[in-house]
Amino acid sequence: MNNKHELIYEGKAKKVFSHDDINKVIIEFKDDATAFNALKKAKFEGKGKLNCLISARIFELLIKNNIPTHFIELKNENTMIAHKINVIPLEIVLRNTAYGSLCQQTTIKPGTTLAKPLIDIYLKNDQLNDPLITRDRIELINILSSEDLDLIIDLTLKINGIMKSFFKNIQLQLVDFKLEFGYDCKKNILLGDEISPDNCRLWDMNQKNDTIVSLDKDRFRNDLGGLIEAYSEINQRINDFI
Ligand code: TMP
Ligand code: ASP
21 MNNKHELIYE GKAKKVFSHD DINKVIIEFK DDATAFNALK KAKFEGKGKL NCLISARIFE
81 LLIKNNIPTH FIELKNENTM IAHKINVIPL EIVLRNTAYG SLCQQTTIKP GTTLAKPLID
141 IYLKNDQLND PLITRDRIEL INILSSEDLD LIIDLTLKIN GIMKSFFKNI QLQLVDFKLE
201 FGYDCKKNIL LGDEISPDNC RLWDMNQKND TIVSLDKDRF RNDLGGLIEA YSEINQRIND
261 FI
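Here this note's numbering is used: the first residue of the sequence shown is 21, the next is one more, and so on.
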């Protein structure tokens with residue numbers, strides 16, 4: 021990155037740099053992977069580039085469908101320009117199929133199709149280990165207004181509809197995903213962060229039996245191997261389709 025672009029934030033998978041325009045930022049996707057609140061760490065050469073390219077394509081799809089996002093354009097293969105947002109410290113998870121923590125914390129069997137999408141909201145706070153949070157607690161700690169929370173939930177459901185049918189076209193089952201939102205300089209709510217196999221569970225639908233083939237970060241979380249191959253497969257299917 022150019023010297024005049026100052027590092028303003030470094031997360032587990034991305035670095036955020038200032039832009040000449042104070043209302044924009046430059047986001048660089050790193051090759052680092054973490055799981056279980058960074059208890060598990062590794063580096064996968066090429067992951068940053070794949071997640072950046074996949075995210076850019078999905079943001080473009082969402083923008084075409086009138087979803088407000090922070091994405092502006094790709095700068096290069098592992099860097100994008102985005103609107104600067106004040107991130108709302110909530111992680112909005114939407115689940116279509118039961119898996120992961122939902123099955124660890126309830127009696128629902130992994131792989132169960134949910135009758136309607138389930139939205140789980142977590143407080144984005146690494147020190148507290150991102151706890152599941154209730155609507156009343158969100159109100160209590162004054163994170164955002166009830167109207168804005170409704171708006172974010174409504175956007176998440178719309179995003180699910182768009183992404184679910186898009187991924188189905190390329191033979192991928194959208195099991196669940198995590199979103200983050202923020203306020204831009206005009207106080208509009210925009211979808212932020214990334215949309216990639218790091219924060220979406222995607223299962224290959226090209227399976228003859230019921231075997232689950234994860235093409236997402238579960239390959240790292242669950243030591244399945246082949247993470248770069250899986251992410252490359254998703255990127256390839258998206259590019260072949262678009
Ligand atoms: P979970 O089943 O572990 O709660 O994960 C649900 C979805 O959210 C899954 O697609 C992975 C994603 N996720 C993140 O992007 N970041 C996180 O820190 C966690 C815990 C999950
Ligand atoms: N975001 C998690 C971490 O903090 C990883 C995960 O997606 O499970 O390491």
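Beta carbons: idealized from backbone N, C-alpha and C, even for Gly.
Check, Outcome
"Which runs of the beta strand (DSSP E) spanning at least 3 residues fall entirely within the region 116–182, listed in chain order?", "133–143"
"Take residue 100 as the anchor and find which of 211, 48, 206, 86 has the nearest alpha-carbon.", "48"
"Do residue 211 and residue 175 have their C-beta atoms within less than 9 Å of each other?", "yes"
"For residue 216, does the three-state DSSP call read helix, strand or coil?", "coil"
"Tell me the rounded alpha-carbon separation between residue 223 and residue 216.", "13 Å"
"Taking all protein chains shown into account, do 16 or more other C-beta atoms lie within 10 angstroms of the C-beta of residue 135, making it buried, or fewer, making it exposed?", "exposed"
"Mark residue 73 as exposed unless 16 or more other C-beta atoms lie within 10 angstroms of its C-beta, in which case mark it buried.", "buried"
"Considering only C-alpha positions, which residue in the set 143, 56, 140 is nearest to residue 241?", "56"
"Tell whether a beta-carbon distance below 9 Å holds between residue 64 and residue 248.", "yes"
"Within a Cβ cutoff of 7 Å, which residues of the same chain sit near residue 225, ignoring the five residues on either side of it in sequence?", "191, 192, 193"
"Tell me whether the beta-carbon of residue 90 lies closer than 9 Å to the beta-carbon of residue 202.", "yes"
"Looking only at C-alpha atoms, which of 150, 205, 67 sits nearest to residue 110?", "150"
"For residue 51, which of 97, 81, 41 has the nearest alpha-carbon?", "97"
"For residue 60, verify whether its CB is less than 8 Å away from any heavy atom of the ligand ASP.", "yes"
"Kindly give me the distance between the Cβ atoms of residue 250 and residue 239, rounded to whole angstroms, as I take these residues to be in contact under 8 Å.", "5 Å"
"Beta carbon of residue 218, beta carbon of residue 114: below 9 Å?", "no"
"Could you give the distance in angstroms between the alpha-carbon of residue 199 and the alpha-carbon of residue 105?", "14 Å"
"Enumerated in chain order, which unbroken segments of the beta strand (DSSP E) with a length of 3 residues or greater are wholly contained in the region 77–103?", "91–96, 99–103"
"Return the first residue and the last residue of the beta strand (DSSP E) that residue 62 is part of.", "60–63"
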